[in-house]
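In order, the protein sequence lines correspond to chains P, U and E. Take the first sequence: its position 462, counting from 1, is numbered 461 in numbering that gives the first Met the number 0, and each next residue is one higher. Take the second sequence: its position 80, counting from 1, is numbered 79 in numbering that gives the first Met the number 0, and each next residue is one higher. Take the third sequence: its position 197, counting from 1, is numbered 196 in numbering that gives the first Met the number 0, and each next residue is one higher. Beta carbons are placed, not taken as given, at the ideal position from N, Cα and C, and that holds for glycine. Working notes, beginning with the structure itself.
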Amino acid sequence: MSWTSAFAPVLPEIWLAAAAMALLLLGVFQKEDPFARISRLAVGALAVTFVLVVGRDDGRVAAFDGLFVVDEFARFMKGLVLIGSALAIVLAEDWLVKERAQRFEYPVLVLLATVGMMAMISANDLVSLYVGLELQSMALYVLAAFQRDAVRSTEAGLKYFVLGALASGMLLYGASLLYGFTGTTGFEPMAARLREANQLPLGALIGMAFLIAGLAFKVSAVPFHMWTPDVYEGAPTPVTAFFAFTPKIAAMALFMRTMMTPFGDIGPAWQQILVVLSIASMGLGAYAAIGQDNIKRLMAYSSIGHVGYALVGLTAGTGEGLRGVAIYLAIYLAMNAGAFAIILGMRRRGQAVEEIPELAGLAKTEPLTAAGLAVLLFSLAGVPPMAGFFGKFYVFMAAVNAGLFVLAVLGVLASVVGAFYYLRIVKLMYFDPPAEPFERPMPGAVGAVAAASALFTLLFFAWPAPLVAGAEAAAQALLRLP
Amino acid sequence: MLYGLIVFLPLIAAIVAGFGGRALGDRGAQVVTCGALIVSALLSGVAFYQVAWKGQPVTVELLTWIDSGAFDVMWSLRIDQLTAVMLVVVTWVSAVVHVYSVGYMAHDPHIPRFMAYLSLFTFAMLMLVTSDNFVQLYFGWEGVGLASYLLIGFWYHKPSANAAAIKAFVVNRIGDFGFGLGICGVFLVFGTVEFDPVFQTAPGFAGKTFEFLGMKLDMLTVICLLLFMGAMGKSAQVPLHTWLPDAMEGPTPVSALIHAATMVTAGVFLVARCSPLFEYAPDALAVVACIGAFTAFFAATVGLCQNDIKRVIAYSTCSQLGYMFFAAGLSAYAAAIFHLFTHAFFKALLFLGSGSVIHGMSGEQDMRRMGGLLAPLKITYVLMWIGSLALAGVPLFAGYYSKDAIVETAFMAGGKLGSFAFVMGVAAAFMTAFYSWRLLFMTFHGQNRHPDRHVIEHAHESPAVMLVPLYVLAAGSIFAGALFAQAFIGEGSPIFGASILVLPGHDALAQAHHAPLWVKLAPVAVGLAGIALAWWMYVRRPDLPGKLAAMHGDAHRFLLNKWYFDELYDALFVRPAKWLGHALWKRGDGKVIDGLGPDGIAALTLDIAKRATRLQTGYVYHYAFAMLIGVALLVSWYLYRGGM
Amino acid sequence: MILAALAFYLFAAIAVAAGAMVIGARNPVHSVLYLILAFFNAAGLFVLLGAEFIAMILVIVYVGAVAVLFLFVVMMLDINFAEFRQGFHQYLPVGGLIGLILLVELLLVVAGWNLDPDMLSLAAAPTPAEITNTHAIGQVLYTRYIYLFQAAGLILLVAMIGAIVLTLRARTGVRRQSIAAQLARTRAEAVELRKVAPRQGI
C-alpha cells in the first residue's frame with residue numbers, strides 16, 4: 000500500500016488540523032484584529048472538509064491497522080458535526096465582538112475540537128476512541144472558560160474540566176479492564192473475542208459498564224449529567240450553543256459505534272443499562288426544566304431530555320433504531336441551532352439577557368422572531384407536523400418494534416411533561432404584556448440561521464426522504480459489520 | 000420543466016406576494032400574481048395541445064416524499080388527457096379571475112394578501128389535478144379546502160363571513176373524513192396509493208367482498224362510496240351542499256374561481272379520475288347518479304325563490320354539478336368533464352357579471368332592491384345574457400352541447416335510474432332557464448327599487464380591467480361548446496384516451512347520438528318555455544309572483560328556506576353537539592379532570608420539578624459523587640445479574 | 000521468582016499507601032511528595048514487567064517535571080487548604096460506603112479472573128525478544144501508531160493554546176527593546192549638536 004492510499008481516509012482530518020494550525024499562525028502574526036477574518040476562513044476550512052468527507056463514496060475503509068475507520072455512518076455523522084461547527088462559528092462572531100471577547104483562538108479551538116470529534120466518530124479502537132475524546136474535550140474545556148474575565152465562565156470551564164477528567168478516568172479504567180479481559184483494544188477483534196467466548200467474562204462486562212459511564216458523561220445522560228446545567232449556564236452563549244448541538248452529536252455517534260461494533264453481539268447486556276439511562280434522562284430532562292428561569296439552563300435540561308430520546312433508539316439496537324437516532328440527531332442539530340440563534344439575538348442596552356421572562360410579549364414587538372421561536376419550541380416539544388415530532392416518532396417506533404413497550408410509553412409520557420415548559424415560553428411570548436424590545440436589528444448571519452432552521456423544522460415533513468435515506472445508509476453501515 | 004412551471008409558478012407568486020407584499024406594494028403583488036397566472040395559463044394551453052390533442056400523456060417525477068416501509072409515495076405530476084383539460088380550465092379561469100380582482104378589489108386595504116391567497120388556491124388546485132397518487136391528491140384536496148376557508152373568510156371582520164368560512168370547513172371535513180378512509184381502504188386493499196398500479200389491478204378485485212359487522216360488503220363499492228363522500232363534500236352535493244350558498248360571503252372573484260369553476264368541480268374530477276375503480280363498482284355508480292340527479296333538481300327548485308343575486312347563481316352551480324355527477328354515474332365521464340369545461344366558462348362569466356352588478360350597485364346583493372340597470376350597465380347586461388343563454392342550453396351556446404349530451408345519455412341509459420335522471424334533468428333545465436331570466440329581468444328591467452337614491456344615481460359600468468376578463472369568458476361561453484364538442488364527446492374520437500375507462504356495457508354516451516329527436520329537443524324546448532314564463536311573470540305581469548307566493552305560502556317558504564336543510568342540521572347535529580360539548584366542559588372537564596388536576600397530576604409535576612431542581616447544588620464534589628454512585632450502581636447491577 | 004513477587008508486593012503496597020496519603024495528608028506539599036513516591040513505585044512495577052523505557056519516562060517526566068511543577072504551584076499559591084477540607088468528615092460515611100462497595104465489587108471481579116493462557120500472545124504489539132523495548136516502542140510508535148502519536152500531539156497543542164488563551168494578558172505600558180528600530184536610527188535623528196552659550200542653558 001502506497002503511503003498516499005494509506006493516508007487517503009484521514010485526508011479530511013489532516014486537512015482540518017493543518018488548516019487550524021495555519022489559522023493559528025495567521026492569527027498570531029496578523030497585526031490588526033484578526034478575529035473576523037479567521038472566523039470566515041475557519042468556516043471556509045470546514046466547508047472544504049465537508050466536501051472532502053461527503054465527496055468520497057468508497058464504502059467502508061479502515062486505516063492505520065484498523066484504528067480508524069470511514070464508512071457511511073462516519074460520513075453522515077461527520078457531515079452533521081461539520082455543519083454544527085460551522086454554525087457555531089457563524090453564530091458566535093457577532094456575540095463575541097459585542098462582549099469584547101473576540102479572540103481569534105475561538106474559531107481555531109472550534110476547528111481543533113472538530114478534528115477531535117471526527118476522530119471520535121471514526122474511532123475503531125479503544126485507544127483512538129480515547130485520543131479523539133480527549134482532543135475534543137480539551138478544546139471544549141478551554142472554550143467553556145473562554146470569557147476568562149467572567150466568573151461564571153471560568154467556573155463553568157473548571158467544573159467541566161474536573162468532572163470531565165473524572166469521566167475520562169472511568170472510561171480509561173473501563174478500557175483497561177476490557178483490554179485485560181479480552182486481550183485487545185480493537186473494536187472488531189474484541190467483538191470476535193466476545194462472540195467466541197463460551198462464557199462472557201464478567202470483567203469485560205464491568206469494563207463495559209465503566210466505558211458506558213464515561214460515554215454517558217459526554218452525552219450528558221442521567222446520572223452523569225450534573226455538569227450540564229452549570230456549564231451551559233456559565234459558558235459564553237455561543238459556546239453553549241456549540242456544546243448543545245455539536246459535541247453531543249459526535250459523542251452520541253461514538254456511543255453508537257462503541258455499542259454496536261465491539262458489543263454488538265451482547266446487545267441484551269447493555270440494553271438493560273441503557274434503558275435505565277434513557278428513562279432517567281427523559282424524566283429528569285422533562286421535570287427539572289420546569290422550574291428554570293434561565294433559558295440556557297432550560298436548554299441544558301432540554302438537551303438532557305433529548306439525549307434520553309436518542310438513547311431510546313440506540314437501546315432498541317436494531318437498524319430501525321439506529322436510523323432513528325441518526326435522524327433524531329440531524330433534526331436536533333437544526334432545532335437547537337435555530338433556538339440558540341434566537342437566544343443569541345436577545346440583547347438589551349448592550350447586555351445579553353438570558354432570563355425567560357424577558358421574552359414576554361415578543362409576539363407583539365417582533366412577530367416574526369416570535370413565530371420562528373414558536374415553531375422551534377413546538378418542534379422541540381415534538382408537536383406534529385414539526386420536524387421534532389418525526390425525530391421522536393422514528394425512535395419510538397423502533398422501540399415498539401423491538402419490543403421495548405415500557406420504554407416507548409414512558410418516553411411519550413416524558414415528552415408530554417416536557418411539552419409543558421416549551422409551551423410555557425410560547426404562552427409567555429403570545430399572551431403576556433410585552434417587555435422592553437430587544438436591540439435590533441439581529442445580526443444578519445444569526446437571523447439567517449434562525450430563519451433557515453425554523454423553515455427546516457416547519458417543512459421537514461414535505462421532503463424527509465433524503466435525510467431518512469442518509470440515516471438508513473448510516474445505520475446499515477453500522478449493522479453490517481463482521 | 001414546462002409542467003413543473005405550470006404548477007409551481009402560482010406557488011412562487013403566492014409566496015412572493017404573501018411574504019413580500021409589504022415590500023412590493025399593492026401594484027407589485029397584482030403584477031406578480033397576474034403575470035405568473037397568465038404565463039401558467041399560456042403554458043397549460045401548450046400542455047393541452049401536446050397531451051390531449053396529440054395524445055401523449057406524461058408523468059414528471061419530482062422527488063420521493065414518504066418512504067416508510069411498504070408505504071412509498073413520490074411527488075410527481077401526472078399529466079394525462081384528463082389532467083390537461085383540467086389544467087386549461089383551472090389556469091385560464093384563474094388567470095381571468097386574477098385580472099378581474101385587480102379591478103374588483105381596488106378599494107380593499109389587503110390586496111397582496113388577497114392575491115396571495117388566490118395564487119395559493121390555484122397552486123393547490125393544480126396539485127390536486129396533477130396528482131399521481133391518492134396521498135398527493137389528498138394534499139391538494141386539503142390545500143384547496145384551506146385556501147377556500149381563507150378566502151371565504153377574507154373579510155374577517157364580517158361575522159357572517161367567518162361563520163360561512165367555518166361552515167364550509169366543517170362540512171368539508173365530513174366529506175374529507177370519508178375520503179381519507181377511502182384512501183386508507185385503497186392502501187389496505189391494493190397495498191399502494193399510486194394511481195397506475197391501483198387502476199391496473201382493480202379488475203382483479205371486482206366483486207370481492209369483506210366482512211364488516213357481520214355484513215358482507217363489496218370492497219370496491221365501499222372504497223368508491225367513501226371516495227365519493229369526499230367528492231360530495233367538495234362538490235356540494237346533497238346532503239353536504241349547505242356550505243356552498245353561504246360561501247358567497249366571500250368576495251365575488253372567489254365565488255367565480257372556487258365556487259363555480261374549479262374547487263367544486265374537484266369531486267367530478269375525482270370520480271372521472273377513479274373511473275377505473277367506479278366502473279367495477281356498479282352500485283357506487285348508481286349512488287353517484289342518483290345523488291347527482293336529485294341535487295340537480297333540488298338546487299334548481301331552491302334557485303327559483305332566492306333573492307340574493309349570488310345565491311341564485313350558487314344554487315345554479317349546485318344544480319349543474321348535479322348534472323355532471325349523474326353523467327359520471329351513468330359512465331358518461333367524458334360528458335361530465337365536457338360539461339365541467341363549458342360550465343367553468345359560463346358560470347364564471349355569470350359570477351363575475353353579477354360581481355360587476357354588485358360593484359356598480361355599491362355592494363348591494365339583494366335583487367329586490369335592483370332593477371332598471373339596463374341603462375347604466377349595458378355591457379354587463381349583454382354579457383349576462385350570453386352567460387344565461389349558455390347556462391340554459393340554448394342552441395349554439397356552449398351549455399347546449401354539454402347539457403344536451405348529458406340529458407340524452409340519461410335517456411339512452413334507460414332503466415329506472417336513467418329515466419329518473421332524465422326526468423330530473425329536464426325538469427331542472429326548465430327551472431334553470433326560469434331562474435336565470437328571473438335574475439336578468441329583476442336586475443336589469445323595470446324600475447330601480449333601491450331605497451337609497453344615491454346608490455341608483457351612482458350606478459356605473461365597471462372599469463375595463465374588469466370587463467376584459469368578462470369578454471374572454473363570454474367568448475368561451477359562446478364558442479367552447481361548438482369548438483370542442485366533437486373532440487370531447489364526438490363519435491369515435493374522444494380525446495381522453497386511456498385516462499378514463501368505460502366498460503363495454505356502459506356506453507350510453509356513445510349511443511346518445513342516436514337518441515330520438517324529441518329527446519334532443521326536449522331540453523331546448525323546456526328551456527325556451529322557462530324563459531317565456533319568466534318573461535310573463537316578471538316583465539309582463541310583475542304582480543304575479545307576489546300573488547303566487549301568497550297563494551302557495553307553504554311551498555314558497557319551503558323553497559325560500561332551502562327545504563329547511565339548515566334548520567334540520569341545526570336540530571340534528573349542531574345543537575346536540577353543542578349540548579354535549581357544554582356538558583363535557585362543565586361536568587367532564589370542570590369536575591372530573593380539573594378536580595383531579597390541580598390536586599393531582601399538575602401539582603405532582605411541579606413538586607417533582609422542584610425536587611429535581613434541588614439536586615443541582617452547584618458543588619463539583621456533589622456532581623462527582625453522583626457520577627460515582629451511578630457507576631457503582633451499574634457495576635452492582637452486573638454483579639447482581641452475574642453477567643446476565 | 001519469589002524475589003520478583005516480593006518486589007511486586009512491596010512496590011504495590013507502597014504505591015497504594017502513598018496514594019492514600021496523597022488524599023489524606025494535611026499539608027499539600029506533603030501530598031505532592033507522596034505523589035512522587037507513588038510515581039516511583041509505579042516505575043518500579045514497570046521495571047518488574049520488563050518495560051524499562053516506560054519506567055524511566057515515568058521517573059523523568061512525571062517525577063522530574065510534572066510533580067515538581069505541582070510542587071512549585073502548590074507552594075506559590077497561598078490557598079487555605081483547611082477550608083477545602085470542610086465537610087470532609089460530613090461526607091466521609093456515605094463516600095466511604097460507596098467507595099467500599101465499588102472496591103469490593105472490583106475485587107470480586109478480579110478474583111474471578113481466570114487468565115486465559117493465550118491471553119499474552121494476544122497482546123496488540125508484543126515486544127520482540129531480541130531487541131530492547133526502547134527499540135520496540137520506536138518501531139511501532141512512528142509506524143503503526145503514527146495516528147495516535149499525532150493525535151496526542153494535537154492534544155498537547157490544544158492544551159498549550161488553552162493555557163495561553165486563558166492566562167496571557169497583553170499588558171499596556173510595557174517598554175520593550177526594539178532592536179530593529181535601534182539599528183535603523185541614523186545619526187541625524189539621534190544626535191543633535193547645539194551651540195550652548197556659557198551660562199545660558201538650553
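The beta carbon of Q615/U falls within 7 angstroms of a beta carbon belonging to chain P, placing the residue at that interface. With 16 or more other Cβ atoms inside 10 Å of its own Cβ, M225/P counts as buried. The DSSP assignment places complete beta strand (DSSP E) segments of no fewer than 3 residues inside the segment 17–102 of chain P at 60–62 and 67–69, in order along the chain.
The distance from the Cβ of S476/U to that of G354/U is about 16 angstroms, inconsistent with a contact at the 8 angstroms cut-off. Residue ranges of uninterrupted beta strand (DSSP E) with 3 or more members are absent from the segment 335–380 of chain P; none lies entirely inside it.
Secondary structure of W462/P (DSSP, three-state): coil. Taking 4 residues as the minimum length, the alpha helix (DSSP H) runs contained wholly in the segment 123–150 of chain E are 132–140, in order along the chain. Pairwise C-beta distances place the segment 182–198 of chain P out of contact with the segment 153–165 of chain P, as fewer than three of them are shorter than 8 angstroms. M214/U: not part of any alpha helix (DSSP H); member of the beta strand (DSSP E) spanning M214 to D217, first to last residue.
Under the rule that a run must span 4 or more residues, the alpha helix (DSSP H) segments found entirely inside the segment 100–181 of chain P read 104–121, 125–143 and 150–181. Membership of F38/E in the alpha helix (DSSP H) is indicated by the continuous run P27 to L48. Straight through space, the alpha carbons of A447/P and L23/U are spaced by roughly 21 angstroms.
Taking 7 angstroms as the threshold, the shortest C-beta distance from W226/P to chain U falls below it. Closest option to E104/E, judged by alpha-carbon separation, among K77/P, L201/P, L379/P and A476/P: L201/P. Straight across, the Cα-Cα distance linking A280/U with V221/U is about 9 angstroms.
In chain order, I35 and F38 place their CB closer than 6 angstroms to the CB of V62/E, counting only its own chain and leaving out the 5 sequence neighbours on each side. Per DSSP, the unbroken alpha helix (DSSP H) holding A576/U starts and ends at R574 to A582.
A Cβ-Cβ separation of about 5 angstroms places I312/U in contact with L349/U under the 8 angstroms criterion.
Short of 8 angstroms from the beta carbon of G526/U, and not among the five residues preceding or following it, lie these beta carbons of its own chain, in chain order: A391, G392, V393, A428, F429, T431 and A432.
By the Cβ neighbour-count rule, T32/U is buried, with 16 or more other Cβ atoms within 10 Å of its own.
CA-to-CA, the gap between A409/U and V92/U works out to about 29 angstroms.
Scanning chain U for C-beta atoms nearer than 9 angstroms to the C-beta of L76/E yields nothing, as the closest lies near 18 angstroms away.
One thing to note: G249/U has its Cβ within 7 angstroms of the Cβ of F153/U. Neighbourhood of T294/U in chain P, by CB distance below 8 angstroms: empty, with the nearest CB roughly 35 angstroms away.
Judged by beta-carbon spacing, V87/U lies within the 7 angstroms limit of F47/U, meaning their Cβ atoms are closer than that value. For V619/U, the chain P residues whose Cβ falls inside 7 angstroms of its Cβ are K158, V161 and L162, in order along the chain. With a minimum length of 4 residues, the unbroken runs of alpha helix (DSSP H) contained wholly in the segment 436–469 of chain U fall at 452–457. DSSP, read as helix, strand or coil, puts L199/P in coil. Under a criterion of Cβ atoms nearer than 9 angstroms, the residues of chain E adjacent to L108/P are, in order, V157, I160, G161 and V164.
At least one CB atom of chain P sits nearer than 7 angstroms to the CB of R143/E. Neighbours of K609/U in chain P, taken as residues whose beta carbon is under 8 angstroms from its own, are G290 in chain order.
Taking 7 angstroms as the CB threshold, I22/E stays off the interface with chain U. The three-state reading of DSSP puts V84/U in helix, counting H, G and I together.
Taking a cut-off of 8 angstroms on C-beta distances, the segment 273–290 of chain P does not touch the segment 363–378 of chain P, as fewer than three cross pairs fall below it.
Leaving aside the five residues that flank E92/P on each side, the residues in its chain whose CB is nearer than 6 angstroms to its CB run, in chain order, S38. Put simply, the segment 442–450 of chain U touches the segment 357–372 of chain U. At least three CB pairs are less than 8 angstroms apart.
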